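Asks: Residue 79 in the working numbering sits at position 85 of the sequence shown; the count goes up by one each step and never skips.
Would you mind keeping the following structure in view while I ask a few things?
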Amino acid sequence: MRITGGCHCENILYEAEADEKGVGICHCTDCQKLSAAAYRIVIPANEKNFILLRNRPKIYIKKSNNGNPRIQAFCAKCGSHIYATSTEETDNRTFNIRLGTVDNNRGLIPQKQIWCRSAQSWTFNLNNIPKIEKQT
């Protein structure tokens, strides 16, 4: 499916052909720390199908939970994380685009959860937490 998106300050804009069946929740400790939340949701896209429309993200490389180096791409102005990928340049490298940066993400429902051993235990039972429509 065709998606568009960008960072919070709109310094970086992109479009991509992404796999809505691959939307997933990641509970790894890197995603928890990078998102400042209990988990992060991503949608995968092949690097060849990811097009930057405005500006380039800042890149840094960190060894991930599984020991492999991972590229983290984010906006240097507002800090929004755009995607992560491997450092290996292959023909089928996947960009895991941060779902929060996708413009029309309402219908993109996670199909899997990974790194569940690192998950905050309460994330598997959110139905018991009171729901409030908006902040007052």
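Note that CB positions come from ideal geometry on N, CA and C, so glycine has one too.
A quick note: this is a predicted structure, and the numbers were derived from the prediction, not measured.
Identify the continuous alpha helix (DSSP H) that holds L28 and give its terminal residues.
Replies: As a position in the sequence shown, residue 28 is number 34, starting the count at 1. From DSSP, the alpha helix (DSSP H) with L28 extends over T23 to S29.
Asks: Cβ of C69 within 9 Å of Cβ of P51?
Replies: As a working note, residue 69 is residue 75 in the sequence shown. As a working note, residue 51 is residue 57 in the sequence shown. Yes, Cβ-Cβ distance for C69 and P51 is below 9 Å.
Asks: Measuring only the C-alpha atoms, how far is C110 from A32?
Replies: Locating residue 110 in the sequence shown gives position 116, counting from the first residue. Locating residue 32 in the sequence shown gives position 38, counting from the first residue. So the two alpha carbons sit approximately 11 Å from each other.
Asks: Within 10 angstroms of the Cβ of L120, are there 16 or more other Cβ atoms? Answer buried if so, exposed if not.
Replies: In the sequence shown, residue 120 corresponds to position 126, counting from 1. So L120 counts as exposed.
Asks: What are the boundary residues of the beta strand (DSSP E) that A32 is part of?
Replies: As a position in the sequence shown, residue 32 is number 38, starting the count at 1. Careful: A32 lies outside any beta strand (DSSP E) and carries neither H nor E.
Asks: Which complete beta strand (DSSP E) runs does the segment -5 to 80 hold, if anything under 3 residues is left out?
Replies: Correct list: -4 to 0, 7 to 12, 18 to 20, 34 to 48, 52 to 57, 63 to 68 and 75 to 80.
Asks: My understanding is that I45 touches Y8, with C-beta atoms under 8 Å, so please give their C-beta distance in whole angstroms.
Replies: On the sequence shown, position 51 is the one that residue 45 refers to. On the sequence shown, position 14 is the one that residue 8 refers to. Right, the Cβ-Cβ distance comes to about 6 Å (below 8 Å), so this counts as a contact.
Asks: Can you tell me which of the three DSSP states T84 falls into?
Replies: Here residue 84 refers to the residue found at position 90 of the sequence shown. T84: coil per DSSP, three-state reduction.
Asks: Give me, in chain order, the residues of the same chain whose beta-carbon lies closer than 6 Å to that of V17; leave out the 5 immediate sequence neighbours on both sides.
Replies: By one-based count along the sequence shown, residue 17 stands at place 23. For V17, where only same-chain residues beyond five positions count, the Cβ hits under 6 Å are I37, L102, P104 and Q105.
Asks: Can you list, in chain order, the residues of its chain whose CB lies under 7 Å from that of Q107, leaving out five sequence neighbours each side?
Replies: As a position in the sequence shown, residue 107 is number 113, starting the count at 1. Taken in chain order, the residues that qualify are G18, I19 and H21.
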